[in-house]
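Taking it in order: structure first as structure tokens, then the write-up.
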Amino acid sequence: MAANAGSVRAANGQQRPGLAAAIARKVRHAVDFRQSGSWTSMATWESFLRRSIPFLAVLFLIILGFVRFVSLMDHRGDVETAARDRLSVNASLLRAEETLLAQSDTSATERAQALLTSYLPESFGSTGGKAFVTDVSGRIIATSPGSGEYMGLDAGELLRQAQPVTIFGERAGIMRTDFATGSMLVSGANLTAPLGAAVLLQPEAELFAAWRRTAAINVTLFAMTGVILLTILLAYFRQSTRVSITDALLAEANQRVDTALSRGRCGLWDWDLARGRMYWSRSMYEILGMRPQEGVLSFGEVSRLIHPEDGSFFEIARQIASGKLTNMERSFRMRRSDGQYIWLRARAEVTRNAQNDLHLIGVAVDVSENQTLARMTNEANTRLQSAIENVSETFVLWDAQNRLVLCNSKYQEVFGLSDRDILSGTPRDVILARSRKPVAERKLTNPSFVAGERAAEALLGDGRWLQISERTMGDGSYVSIGTDVTQLKVHQERLSDSERRLMATINDLSAARRDAEAKAKALADLNESYIAEKDRAEGANRAKTTFLANMSHELRTPLNAIIGFSEIMRDSAFGPIGNEKYSEYASDIHHSGHYLLKLIDDILDMSKIEAGRMVMASEDMDVTEVAREALKILEVQADAKKLTLQRDLSQSMPLRGDRRAIKQVLLNLISNAVKFTPEGGNLRLRSRVVNGKALITIADSGIGIPANALKNLGLPFEQVENELTRTNKGTGLGLAIARSLVELHGGRMKISSRVGKGTLVSLSVPLA
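26 is the number of the first residue of the sequence shown in the working numbering; add one for each residue after it.
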């Protein structure tokens, strides 16, 4: 490539017209003029002077005005400093004179007036100065001539922000204050009592009158100087405008050429063969990443930038000198400022200037991108060929005339083709005639196929299945890809066999489903029979409850008779009984009768509750009062067992419900606590109102209840002790009746207990 790029076309007796010759003729004279002397530096210096004159004139006016302004301000400061010094000296003078006058016999007012008329310098009044003297209270008692309007005024209100001079005197220094007539400088001195202070006033308007006249004269002179200088600048601008227009036209022409060359990545160069130097356009420097310069380059500087493998400029110079070369066109590499090489395409023509010097003038175009694209194209082709070669499928590409473009080795191996059979450009019919023929072949259809797409399956002689997919390209060529689907075919056969087995399994499942439906129907019939039997059992239970209620009622009458007769015998109502045993038996009959009566009452109450025939009375009552009554009834039993009874009852808990039922609940619970608490134990009854409910708790220190017995406690006939371990009489209906009566009132009953620690029963009944 370097040899081809460096080829030089020799002269053939005629100059070849082209882009290089056209550009050379247009810029030749301008290049010679720029190289002939110091025109570039002179033009640059003149342009700089022409542009800097207005700025220098304006800068002169600014400096002149600033200097005069500083001078005037210094003068004003000097005037003010002198005035402050005079005020300070006069104040000190008045204080010293007043000290001498204080030794005379004159009055305070006379001393004050004498200070202002006799001892105040005359020059003080010539500049508009005023003075006054105050007494110790601050009232003005004497003034200088022409200041009578201040007599009798309060000095503090008159001086405002300068009031400290009347207090501190000379220590307050010189202060500034605003009067109705303008701003004034104020100084003061403390005097001997009964005098207060002497105050001196200097109006700033009269103090700076002379300075303002001087400033006005200076401003007028500065304005006239500025007008004259601006007039001169205007004439200069009119003259330089014509020059600027000419320069602008030339600069615009140069800018157009530079812009065109820069945008086109094209550089203009002129090689002066006689002097061995070369001129480059600005765009040439930009291409190489170098800083543009107005001078010329030596032949050696340019030669060092050329790549060593791309030839030498010395050989070109010898051919031009010998007359063998009149124009050239070649590609070569040049080194950029960052060290990288770029490709340039140069076209030039040999010409002579007015001095008959040989010049090689032409253009150089940056073709690095073209070289890069060519290299990338080759790399892409190599990658594509490698990718096609490494795919596991057969690949073949045909052009629009059904001729072979390329294929991979997999295609050769499957169809048994040699390297001579797959030469590029071989017709498809010839290649198919040389290929192995498939045993079977069938076309495939698919709704997802697009236009120009087709597929087929082929069974090869070695038993492999090949799926061949073809697709037509935009230019009429088409690509064919063959995929080995042998394993897929095997899986399809296995899938068909699995599908047959699945259908058989589905049939078996259908039969099992029908059998399950039959069993479900039989289960539904059995459930209906269960519901009927359940209804009969519930009816028998209600009959049992009714029977118990009737039986309890029938047992009441004889029991009452037994109890009555036993009471007569126990109390010897008809005279004494001879043997004491009869009295003991009669007492046993009496206790047994009462126990049997209570048992029957509990059974009757439980049967009424279960039968839903328990009627609750509705009356107003106080739960606290009912609790006290229950405690009073059981106090005798608690005292007999030496139990400590604690009461923590609320003042009042009004409730509307069945008083007898609530009392029965409390009696049953307190009686159980007394019954199962050993001698010397504790029993506590507590009541309070929580969230609109009456909460009653009964705690004892008895034997406690096991955890496994708590879940059944409160059911009818359920007891913690059995027939073998029972230590107390009872049927187990007490807690069940209590729980049912509480629930009939809309409340709840909870039991918690620990064995050997005691039991806690809590009742919660709504008060509303």
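Here a beta-carbon is modelled for each residue, glycine too, at the ideal position from N, C-alpha and C.
Query                                                                                                                                                               : Result
What beta strand (DSSP E) runs, 3 residues minimum, are completely inside the stretch 173 to 218?                                                                   : 200 to 204 and 207 to 215
Taking the straight line between their C-alpha atoms, what separation do you get for T752 and L692?                                                                 : Because the pLDDT at T752 is just 49, under 50, the model does not fix this residue reliably, and the value given afterwards should be weighed accordingly. Using only the alpha carbons, I get a separation of about 20 Å.
So is E563 buried or exposed if we call it buried at 16+ other beta carbons inside 10 Å?                                                                            : exposed
To the nearest angstrom, report how far apart N352 and Q380 are at their CA atoms.                                                                                  : 20 Å
What does DSSP give as the partner residue(s) for S789 in the beta ladder?                                                                                          : L720 and R773
Return the chain-ordered list of same chain residues with a C-beta closer than 6 Å to the C-beta of A724, the five sequence neighbours on each side being excluded. : R709 and L785
Any idea if G408 is buried or exposed, counting beta-carbon neighbours within 10 angstroms, 16 or more meaning buried?                                              : For clarity, residue 408 is Arg in the given sequence; the question names Gly instead. With fewer than 16 other Cβ atoms within 10 Å, it is exposed.
Give me the Cα-Cα distance between I88 and L246, rounded to the nearest whole angstrom.                                                                             : 15 Å
Helix, strand or coil: which one does DSSP assign to P228?                                                                                                          : strand
Note down the Cα distance separating V767 from S789, rounded to an integer number of angstroms.                                                                     : 8 Å
Does K514 come out as helix, strand or coil in the three-state DSSP assignment?                                                                                     : helix
Please list, in chain order, all residues of the same chain as D382 whose beta carbon is under 8 Å from its beta carbon, the five residues on each side excluded.   : D297, L298, A299 and R300
Considering only the beta carbon of each residue, do I493 and D391 sit closer than 9 Å?                                                                             : no
Please decide whether N415 counts as near chain D, where near means a Cβ-Cβ distance under 9 Å.                                                                     : The structure shown contains no chain D; it holds only a single protein chain.
Out of E374, D272, D295 and T142, which one is the CA nearest neighbour of I345?                                                                                    : E374
What residues in its chain sit with their C-beta under 6 Å from that of L622, if we drop five residues either side in the sequence?                                 : L584
So M678 and L792 are supposed to be a Cβ contact under 8 Å. How far apart are they, rounded?                                                                        : 7 Å
Could you please give me the residues that DSSP links to T106 through a beta bridge?                                                                                : Partner(s): none; T106 has no beta bridge.
Which residue marks the beginning of the alpha helix (DSSP H) containing K657, and which one marks its end?                                                         : V648 to A665
For G163, which residues from the same chain have a beta carbon less than 7 Å from its beta carbon, with the 5 sequence-adjacent residues on both sides left out?   : D179, A180, G181, T191 and G221
How would you call S765, buried or exposed, if buried means at least 16 neighbouring beta carbons within 10 angstroms?                                              : buried
Please return the same chain residues whose Cβ sits closer than 7 Å to the Cβ of R101, not counting the five positions on each side in sequence.                    : F233 and W236
Taking C-alpha atoms, which residue in P333, R290, A665 and S328 lies nearest to G314?                                                                              : R290
Classify A611 as helix, strand or coil using the three-state DSSP reduction.                                                                                        : helix
Return the CA-CA distance between G387 and L457, expressed in angstroms with no decimal places.                                                                     : 57 Å
Could you tell me which residues DSSP pairs with K468 in its beta bridges?                                                                                          : A481
Per DSSP, which residues does G387 bridge with? Please list them.                                                                                                   : W294 and A373
Compare the Cα-Cα distances from G325 to each of L112, S337, P317 and Q318 and report the closest residue.                                                          : S337
Quick one: give me the first and last residue of the alpha helix (DSSP H) that S505 is part of.                                                                     : S505 -> not in any alpha helix (DSSP H); beta strand (DSSP E) instead, spanning Y503 to D509.
Can you find the residues in the same chain that come closer than 7 Å, C-beta to C-beta, to L183, ignoring five residues on each side of it along the sequence?     : Y175
Less than 9 Å separating the beta-carbons of V780 and I728?                                                                                                         : yes
Between the stretch 536 to 554 and the stretch 458 to 468, do three or more beta carbon pairs fall short of 8 Å?                                                    : no
Would a C-beta distance cut-off of 9 Å place T497 and E524 closer than the cut-off?                                                                                 : no
According to the neighbour-count rule (16 or more other Cβ atoms, all chains shown, within 10 Å of its Cβ), is F193 buried or exposed?                              : exposed
Roughly how many whole angstroms lie between the Cα atoms of S411 and V430?                                                                                         : 15 Å
Quick one: grab the DSSP three-state call for T351.                                                                                                                 : coil
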